[in-house]
DNA sequence: GCAACAATTGTTATTGTATAACATTTTATG
DNA sequence: CATAAAATGTTATACAATAACAATTGTTGC
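Residue numbers (our numbering), protein chains in the order written: chain A, 14 to 180; chain B, 14 to 180.
Here it is in structure tokens:
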């Protein structure tokens, strides 16, 4: 998760080392699950790994395809149950505007979900702007509305794709 | 659309006169369509009316049910095409987190979509907080991200439902 | 009016997203 | 090791959205 000032450096570029971030995500998940005494079972681990390794948001059926073994792919409910667990633990976020899922870059801290989503390359940057969070909570409070969850999804063009379009 | 300071008054209460807001929404839509020289055809009008009369966000198939005549309900594509038109004209917003649709309270002004959604009664309040919009744009700019559309959907409990739960 | 074209609607089929209900297996606990 | 809880397997279905093409309706210029 990036704060806004370093955002420009942190938007995932096509060539960054995604394998190592996937590894650290899995490691962190294992540690946190041990702490919380919940089980990161094989299926759950498998789903998290697929999502973490993906450069872009992954749809549930895309994940299913990648889970396919010699006997074909598992039933959809398998992946949805794993996703439910992973989301409950904060390891994965759901992007409502894409019906897709991405690994959380910072699963420790409980935070609102705020995303920049490139419509071209589908890269996703999670960010956390305190001003934004505060504005939402103030707005809710003014309406006597008690907030459970906030969804902020901004779609547009990432810098790399914008450059590519101008060529 | 409410600004934040008057939000508390404007969150739709269970007993407000929704019929009259539906009427004024339809009237406005007719006027705007005439101005723009686009056609508010029977199907489109019908879909808008159903959405406008609904106290809560309406799913596409819920709308279909309400469109059903003696010959059964129309094909899904009918309602989706009407929704495409109504969204293009700014009369209806889509709530990504619910896969549902609500009438826009202020179709004139072009604005980002910001919603408070009660998880209990499914009432929806559209609001517009300039601070929030600004924070999003600043964040995007810091990431050299050019924004097409922003979605802010806050789910929680509205004041009425919160009161009801404490009883 | 009417030919030509554009916009809208109708029809059928299909793809994608997600959950329900219930059976079976695996894991934790006394 | 018996039992309960958690997780997975299986089958079926509901809900969401679009594709492809045909038929109809509306608009425009002649």
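Ideal Cβ positions, reconstructed from N, Cα and C, are used throughout, including at glycine.
Where residue i falls, given that 16 or more other Cβ within 10 Å makes a residue buried
i                     : result
residue 166 (chain B) : buried
residue 127 (chain A) : buried
residue 43 (chain A)  : exposed
residue 152 (chain B) : buried
residue 67 (chain B)  : buried
residue 85 (chain A)  : exposed
residue 47 (chain A)  : exposed
residue 120 (chain B) : buried
residue 148 (chain B) : buried
residue 106 (chain B) : buried
residue 136 (chain A) : buried
residue 60 (chain B)  : buried
residue 118 (chain B) : buried
residue 139 (chain A) : buried
residue 161 (chain B) : exposed
residue 22 (chain A)  : With a pLDDT of 45 at residue 22 (chain A), under the threshold of 50, the modelled position of this residue cannot be trusted, and the question is left open.
residue 112 (chain A) : exposed
residue 155 (chain B) : buried
Reduced DSSP secondary structure (H/G/I, E/B, other) of residue i
i                     : result
residue 51 (chain B)  : coil
residue 102 (chain A) : coil
residue 152 (chain B) : helix
residue 111 (chain A) : coil
residue 136 (chain B) : strand
residue 118 (chain B) : coil
Opening and closing residue of the alpha helix (DSSP H) in which residue i lies
i                    : result
residue 77 (chain B) : 73-80
Segment limits, beta strand (DSSP E) that includes residue i
i                     : result
residue 131 (chain B) : 126-131
residue 162 (chain A) : 159-170
residue 180 (chain A) : Segment: none, residue 180 (chain A) is in no beta strand (DSSP E) and carries neither H nor E.
Assumed close pair residue i, residue j - CB separation to whole angstroms, cut-off 8 Å
i                     : j                     : result
residue 64 (chain B)  : residue 76 (chain B)  : 7 Å
residue 57 (chain B)  : residue 95 (chain B)  : 5 Å
residue 168 (chain A) : residue 110 (chain A) : 6 Å
residue 92 (chain A)  : residue 80 (chain A)  : 7 Å
residue 145 (chain A) : residue 159 (chain B) : Contact doesn't hold; Cβ gap of about 18 Å is too wide.
residue 71 (chain A)  : residue 114 (chain A) : 6 Å
The ligand ADP heavy atom lying under 6 Å from the CB of residue i
i                    : result
residue 57 (chain A) : Among the components modelled here there is no ligand, and therefore nothing to report on the ligand ADP.
Check distances from the C-beta atoms of the segment 135-168 of chain A to those of chain B and list, in chain order, the residues that come in under 8 Å.
Listed in sequence order: 138, 140, 142, 144, 145, 148, 149, 151, 152, 153, 155, 156, 157, 158, 159, 160, 161, 162, 163, 164, 165, 166, 167 and 168.
Interface positions of the segment 116-133 of chain A facing chain B (Cβ-Cβ less than 8 Å), listed along the chain:
For the segment 116-133 of chain A, which is checked against every Cβ of chain B, the residues closer than 8 Å are 127, 129, 131 and 132.
Members of the segment 85-113 of chain A near chain B, C-beta cut-off 8 Å
Within the segment 85-113 of chain A, the residues whose Cβ lies closer than 8 Å to some Cβ of chain B are 109 and 110, listed in chain order.
What are the residues in the segment 53-73 of chain B lying within 9 Å of chain A by C-beta distance?
Residues of the segment 53-73 of chain B with a C-beta less than 9 Å from any C-beta of chain A: none at all.
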